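Taking it in order: structure first as structure tokens, then the write-up.
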Ligand code: BYC
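Residue numbers (this note's numbering): 6 to 335.
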């Protein structure tokens, strides 16, 4: 839909790299200018943004599944209403992000096909199961907390449509983080069994959440170019460290123990964490996490079951277009 408003690719410079234009483009980035859909941009900038924004969109959509799993079992009406609203927000985030990615010239159908065929990635974190109600608190507290840490700098990303989408997303994520933390506070002030459930959830989510920030800097293949183009403002390791430093006092407040006995605070006040198991991360990215197959199967089923809605929308659009053409001809 959003691809229709773009300049035609006939005769434009998409894919044709010219040193002068690339230098002008970089000068605009260096001057903190926003790049807009019809502006000239290097093909590699378009490609990496399409990759990142569409993966981000897929993550929001797949991210509805682990939490959606608990809507019918939320412990009270208030919790159910908040969880429903949160899961609907994630869907909205996915839709803004698909719209932002489409402005780079790839259609929504192609983007979604990339995810359904397993070619495009989505965040590793959504391949873990939600075993208890405490997982819902932990996702809000940690997963949304990590998302905010990663996404606040994206509000200043050089690509206008992505940056603008992120502003609204971040406002909503901050509500999500608070609802998760509030669930954790309630559990941690509850019975010994509830507190143990909260600790168990933290034990299972801690390391996968640290992996959300992506591979260590020396193994991050896109970081250099994304930083040069101000898509990324902080490295994966920098954001991971900021997250750990912000989260340790929150765990202390809850009376929970971060499952990393080797963790210690250094002279700069940063919390040094133990080595992350990057083999586990690679396995999850390769499709072998605990829930990869279930997540893709659920998305494929939903896509197939929604075929009639897409067909009805296309038929309505066609009917409307014909009516407008007939009116114009009168
Ligand atoms: N999971 O060179 P690197 C949410 C991939 S939604 C899977 O460092 P980059 C929420 C990476 O894509 C959260 N793959 O890449 C929703 C690349 O592979 P490709 C999603 C990962 O792009 C619902 C390769 O590893 N947030 O918060 O410079 C409910 C090398 O990495 C992961 C976003 O998408 C991962 N964790 O940096 C609740 C934010 N990490 O593409 C919450 C936007 C890395 O070459 N994205 N990979 O095949 C970003 O900020 C960046 O893309 C990343 C990675 C920091 C994730």
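By construction, the Cβ of each residue, glycine as well, lies at the ideal position given by its N, Cα and C atoms.
Given the structure is predicted, the values throughout are model-derived calculations rather than measurements.
- Contact check for residue 155 against residue 289 fails: the beta carbons are separated by 8 Å or more.
- Counting C-beta pairs closer than 8 Å gives fewer than three between the region 72 to 89 and the region 33 to 53, which falls short of the contact rule.
- Residue ranges of uninterrupted alpha helix (DSSP H) with 4 or more members, entirely inside the region 243 to 305 and ordered along the chain, are 283 to 288.
- Classified as exposed, residue 96 has fewer than 16 neighbouring CB atoms from the shown chains inside 10 Å of its CB.
- Counting along the chain, residue 233 sits inside the alpha helix (DSSP H) bounded by residues 228 to 233.
- With a cut-off of 8 Å on Cβ pairs, the region 257 to 271 is not in contact with the region 97 to 106, counting fewer than three such pairs.
- In this structure, residue 149 lies away from residue 98, with their beta-carbon atoms at least 8 Å apart.
- Spatial neighbours of residue 242 in its own chain (CB-CB distance under 7 Å, excluding positions within 5 residues in sequence) are listed in chain order as 221, 222.
- Per DSSP, residue 208 is one residue of the alpha helix (DSSP H) stretching across 197 to 216.
- Relative to the non-hydrogen atoms of the ligand BYC, the Cβ of residue 165 never comes closer than 7 Å to any of them.
- By the neighbour-count criterion, in which 16 or more other beta carbons inside 10 Å mark a residue as buried, residue 42 falls on the buried side.
- Annotation for residue 226 indicates a beta carbon within 7 Å of some heavy atom of the ligand BYC.
- Distances between the C-beta of residue 74 and the heavy atoms of the ligand BYC are all 7 Å or more.
- Assignment of beta-bridge partners to residue 40 by DSSP yields 164.
- For the pair residue 122 and residue 61, the Cα-to-Cα distance works out to about 16 Å.
- Closest by C-alpha distance to residue 32, out of 158, 200, 235, 142, is 235.
- In the structure shown, residue 26 falls within a helical segment according to DSSP collapsed to helix, strand and coil.
- Listed in chain order, the non-local C-beta contacts of residue 233 below 8 Å within the same chain comprise 31, 34, local neighbours out to five positions each way being set aside.
- Taking the Cβ atoms as the reference, residue 178 lies roughly 5 Å from residue 153, within the contact range of under 8 Å.
- The beta carbon of residue 160 is closer than 8 Å to those of 168, 171, 172, 175 in its chain, skipping five residues each way along the sequence.
- Within 7 Å of the C-beta of residue 148 there is at least one heavy atom belonging to the ligand BYC.
- Annotation: the region 127 to 161 contains the following complete segments of the alpha helix (DSSP H) (minimum length 4 residues), in chain order: 138 to 143, 149 to 156.
- For residue 76, the CB contacts under 8 Å within the same chain, skipping 5 residues up- and downstream, are 85, 88, 89, 92 in chain order.
- In this structure, the beta-carbon distance from residue 217 to residue 129 falls below 8 Å.
- About 6 Å separates the CB atoms of residue 53 and residue 227; that is less than 8 Å, so the two are in contact.
- Distances from the CB of residue 246 to the heavy atoms of the ligand BYC are all 7 Å or more.
- With respect to the C-alpha of residue 307, the residue from 239, 67, 259, 283 having the closest C-alpha is 67.
- For residue 313, the enclosing alpha helix (DSSP H) starts and ends at 312 to 334.
- The C-alpha of residue 116 is placed about 14 Å away from the C-alpha of residue 51.
- For residue 69, the three-state secondary structure derived from DSSP is helix.
- One thing to note: residue 109 has its Cβ no nearer than 8 Å to the Cβ of residue 303.
- Residue burial is scored here from C-beta neighbours: residue 72 has at least 16 other C-beta atoms within 10 angstroms and is therefore classed as buried.
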